[in-house]
Amino acid sequence: MQNRRFDQPGHPPATITEYQGVRSLHLGTSWVQGAMRLSRPDAIELEYVQMMMMWLLFNDDPRHIVQLGLGSAALTKFCYHRFPRARVSVAELNPNVIAICGSLFGLPPNDARLNVREMNALDFVNDAANHGKVDVLQVDLYDEEARGPVLDSPEFYQACADCLGEDGIMTANVFGDFSNYDKNLQHMELAFDAVVWLPEVHDANIVVIAFKRAPVLDFSVLYERAAAIRKAYNLPAKAWVNGLKSWMQDQQ
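Here the sequence shown stands for residues 8 to 259, numbered as in our numbering.
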C-alpha cells in the first residue's frame, strides 16, 4: 500500500505491510521500522520497543519525554496517552514517516502537549534551548538500510546527555552490525554516569539504558516497581529487571 503523501522525494518512501492483524512500517525495504496491532492501536507491539520504556522503573512521573526517530509512533502514542502530565516532543527527519503515522498508525495531531517536528535529531540535541530540560530521552534512529544507528558519535551522545536534567534517563536501541555495539557503548560511557545493556531481543535489537546520574539499584524495590508497571501499563517489566540483574552479575 503506497500513497504519494508517503513518498516525498529526497527521503525513503514509507510503506506498510499487514499480516495477522499487525500493520508494519517499512522505509522502502523489507526491514520493519515499527508495528501496530490493529485491535490495540495504542499498545506497544514489538518487544524491543516495550523495552525502551524501561525508564519507568526509575521515573513514574516524567514531565518532558523526547523521542528521536518516530518509527511507527508506538512510543510517542503510548507516552502521550499514558502520561497526561508530560509533554512529548519528537524529532523525525523523514516527512513520509510523519505523514504515514498520522494517516495509518493513529498518531494524534500536535497540540499543547505533543510536538512532532520534521527535523534532524542532531539539531535537536545540539540546540542549547533543549539542554537540561528533558526527563526521558528515547533514541531509535535508523535509515532504510538499518545497519546501525544513524547517529552514534561521542559528540552526539554527549549532546543527548546535555539535554537531560540531573536525574534524566536515555534509552536507546542499538541494532545492526555487531561492530556497532562496542562503539556505541564506549561512546555512551564517555557521556553518561552509568550505561547498562539488556540482553538481545528479536532481530538483534539491543536496548541500552543510560543514566545522567547513576542510580542505586535495589532489586527488591525494582521488582515491586515492575509489578506495578505490569498492572498499570501491561508491560513486561519483570523481564527488564531480570536483564538489569543479569548485566550486574556479568560485571562482577
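Backbone N, C-alpha and C fix where the C-beta goes; we use that ideal spot for every residue, glycine too.
It should be emphasised that the depicted structure is a prediction, and the values quoted were computed from it without experimental measurement.
For residue j and residue i, believed in contact at Cβ under 8 Å, the rounded distance
| i | j | result |
| --- | --- | --- |
| Leu64 | Trp247 | 6 Å |
| Ala93 | Ile72 | 5 Å |
| Ser31 | Ala42 | 5 Å |
| Pro243 | Gln74 | In fact, because the Cβ distance is near 21 Å, the residues do not count as touching under 8 Å. |
| Pro48 | Gly113 | 5 Å |
Length of the line joining the Cα atoms of residue i and residue j
| i | j | result |
| --- | --- | --- |
| Ile236 | Gln27 | 28 Å |
| Asp159 | Asn191 | 6 Å |
| Arg124 | Ala98 | 5 Å |
| Val39 | Ala221 | 33 Å |
| Ser79 | Met195 | 25 Å |
| Leu7 | Asn66 | Coverage of the chain is limited to positions 8 through 259, which leaves residue 7 absent and any answer about it impossible. |
Outcome for residue i when other beta-carbon atoms lying within 10 angstroms are tallied against a minimum of 16
| i | result |
| --- | --- |
| Gly155 | Because Gly155 sits at a pLDDT of 49, beneath the cut-off of 50, its placement in the model cannot be relied upon, and the point is left open. |
| Glu173 | exposed |
| Ala136 | exposed |
| Ala234 | exposed |
| Lys84 | buried |
| Gly250 | buried |
Assigned secondary structure, residue i (DSSP; H/G/I helix, E/B strand, else coil)
| i | result |
| --- | --- |
| Thr36 | coil |
| His138 | coil |
| Gln74 | strand |
| Asp291 | As displayed, the chain neither begins before 8 nor continues past 259, which places residue 291 out of reach and without an answer. |
| Ile51 | coil |
| Leu114 | coil |
| Asn122 | strand |
| Glu231 | helix |
Within 9 Å, strictly: CB atoms of residue i and residue j
| i | j | result |
| --- | --- | --- |
| Phe13 | Ser110 | yes |
| Ile105 | Ala81 | no |
| Val214 | Asn180 | yes |
| Gly139 | Cys170 | yes |
| Met177 | Leu224 | no |
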